[in-house]
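Below is one structure, written out as structure tokens; the observations come after it.
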Amino acid sequence: MNLVELFGDYPILKTVGEMNKDILGIKHDSRKIKLNELFIAKKGFTKDGHKFINEAIKNGASTILLDEMTETIPGITYILVKDTYDAVSYISSRYFDEPSKKMTMVAITGTNGKTSTSYLIQSILNANCINTGIIGTLGVKIDDNLNKLENTTPEPISLHYNLYKMVKANIKACAMEVSSHALELKRAEYIDFDIGVFTNLTKDHLDYHKSMDNYFHSKLKLFYKTTKYNIINIDDVYGRKIIDEVGNRVHLLTYGIENNADIVAKDINYRMDKVSFSLNFNGYDVDIILNMPGKFSIYNALAAASVGVALDIDLWTIKAGLEAVEGIKGRFEIVPTNRDFSVIIDFAHTADGLEKVLKVIHQFAEGRIIVVFGAGGNRDRTKRPDMGMVVGLNADFAVITSDNPRNEEPSAIIEDILTGIKNTKIEYKVIIDRKEAIEYALKIARTNDIILLAGKGHETYTIFKDNIYPLDERQIVLDYLDII
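Numbering-wise (this note's numbering), the sequence shown opens with residue 3 and increments by one.
Structure, rendered in structure tokens:
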């Protein structure tokens, strides 16, 4: 693609070298650069891409995009911009022919519920013959193919490339999880979002955002980008703040259980593996049997149903789409143990997420509730005591263990959790090795006990000291119980 065409009217501070030339690709990893490609010298959290410019040129880069001028080499084009984070989002969109403009783009943001909501949205839209893809925590889903991603919302080059692949595959809509990091780091810039969905906001990522106010304002950015609808959980205090701040700049739809909303759930009946309720919109009701348990699942379903309403999909098609979802990997996933106790795997990795899952379990628990959990390393330390406190107040026994310690010592992470759990009366045991912790919980399980394996959900690995090791909790359970 020609550089002049690629940058269009984007504000460039300075150029050195020829602009009227073609490039064959764009990358921000100097090790992967090939002949006649553009290298983005981006400043990251731990590394500065400007230090790898010479390596990129040796590997074939013919153009350098940067926000800090360096010594130049004849024959190489240098393009200086104010902010490479913004610029890479712009050129990624243009390089892949602005794919977001060719689909209905639905963005889901919030602390919890994004993944489940995206899959429920996909099912509703598919039921209405709108072929829908997903980008999020579980990966990129195009038709029946699922490819993993490094981040919930990928880097702009990967993001727009995958949107481009969706267009080529005749995908007509995309349900996309948008993280607070992505909004702050401008990964979601230059995407035409038709609809924005807010699920909830609870304490998380404060290692990055520093305060709940900063965290909220990162999420808020999405609702100034939408072009058609904002869909807001009115039962959440931060949802109401979004409404106050954004107002009716586009059409607004609210959903909820506790407060008056446009889309409401009534006559709720909870069971161990599902929940039923009546979905009401505009004076019309339709009965829903959702194959996922708990109040939080109703909120996810209401959010997805609201997207259907925004797209003029009738309630009966919305019902068919919601009821077609059998469950989502790592989200309140019941492991078939063939024993007289139960094992549930859930991604809950915040105090709020743990509390919600444990409240669901309390609705049908007959024996003890045993929780195996830890907290991620190099992440928000302030939530760890809260997680310990929540488990201590809502479970009968806890096994505190590792959960992606990364570059922190697992024992130090556990100590942070203990400062919260020690303020409760729960019995607990510390077992650093997560496999051993799971096996211990299985060993002590009694009739009617429920074991919750919390924090990893869909993940089948653990990260320690920059290394990734296989760890599939479901398989650990099956192997220990000799179930095939």
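All C-beta atoms in this analysis are idealised placements derived from N, C-alpha and C, irrespective of residue type, glycine included.
| Query | Result |
| --- | --- |
| Contact under 8 Å by Cβ, G513 with I415 | Since the first residue shown for the chain is 3 and the last is 486, residue 513 is missing from the structure and cannot be characterised. |
| Where the beta strand (DSSP E) containing T256 begins and where it ends | H253 to G258 |
| M105 and I173 closer than 8 Å at C-beta | yes |
| Rounded C-alpha distance that separates G329 from I478 | 20 Å |
| Cβ neighbours of M21 in the same chain (closer than 6 Å, five flanking residues each side left out) | L5 and V6 |
| Cross-strand partners of N4 (DSSP beta bridge) | D24 |
| Residue environment, M168, which counts as buried when at least 16 other CB atoms sit within 10 Å | buried |
| Per-residue burial, C131 [other beta carbons within 10 Å of its own, 16 or more giving buried] | exposed |
| The stretch 227–242 in contact with the stretch 127–141 per 3-pair CB rule at 8 Å | no |
| Alpha carbon of H162 to alpha carbon of I452, nearest angstrom | 43 Å |
| 8 Å Cβ cutoff met for V327 and S120 | no |
| Spatial distance of T111 from L222 (CA atoms) | 9 Å |
| Cβ contact (3+ pairs, closer than 8 Å) linking the stretch 80–90 and the stretch 61–71 | yes |
| Three-state secondary structure (DSSP) of P13 | coil |
| Sequence-distant residues of the same chain with beta carbon closer than 8 Å to N261, five excluded per side | I236 and D237 |
| Proximity of F41 and A63 at Cβ, strictly below 8 Å | yes |
| S220 versus K116 - alpha carbon distance | 16 Å |
| For L82: DSSP bridge partner residues | K16 and L68 |
| Residues bridged to M178 [DSSP beta-bridge criterion] | A109 and I137 |
| Alpha-carbon spacing of T464 relative to F375, whole angstroms | 13 Å |
| Status (buried if at least 16 other CB within 10 Å, exposed otherwise) for R436 | buried |
| Short Cβ contact (8 Å threshold) for A353 with D388 | yes |
| Counterpart residues of N282 in DSSP-defined beta bridges | V266 and D287 |
| Bridge-paired residues (DSSP) for A43 | L68 |
| Three-way DSSP call (helix, strand, coil) for R436 in this model | helix |
| Own chain partners of V288 with C-beta closer than 6 Å, once the 5 adjacent residues on each side are dropped | L281, L317 and K321 |
| Neighbourhood of L483 by C-beta distance below 8 Å, restricted to the same chain and skipping five residues each side | T339, N340, R341 and L444 |
| When D11, I14 and N61 are compared against K29, the one with the closest alpha-carbon | N61 |
| Nearest-angstrom Cβ-Cβ length linking I433 and A439, presumed shorter than 8 Å | 4 Å |
| Uninterrupted beta strand (DSSP E) stretches inside the stretch 446–471 (no shorter than 3 residues) | 452–456 and 463–466 |
| Rounded straight-line distance, which links the Cα of G355 to that of M274 | 18 Å |
| Short Cβ contact (8 Å threshold) for G296 with K212 | no |
| Euclidean distance between Cα positions of E100 and L187 | 19 Å |
| CB of L122 within 8 Å of CB of N302, strictly | yes |
| Alpha carbon of F366 to alpha carbon of E335, nearest angstrom | 15 Å |
| Span of the beta strand (DSSP E), counted from its first residue to its last, around D314 | Neither: D314 is in no beta strand (DSSP E) and is coded neither H nor E. |
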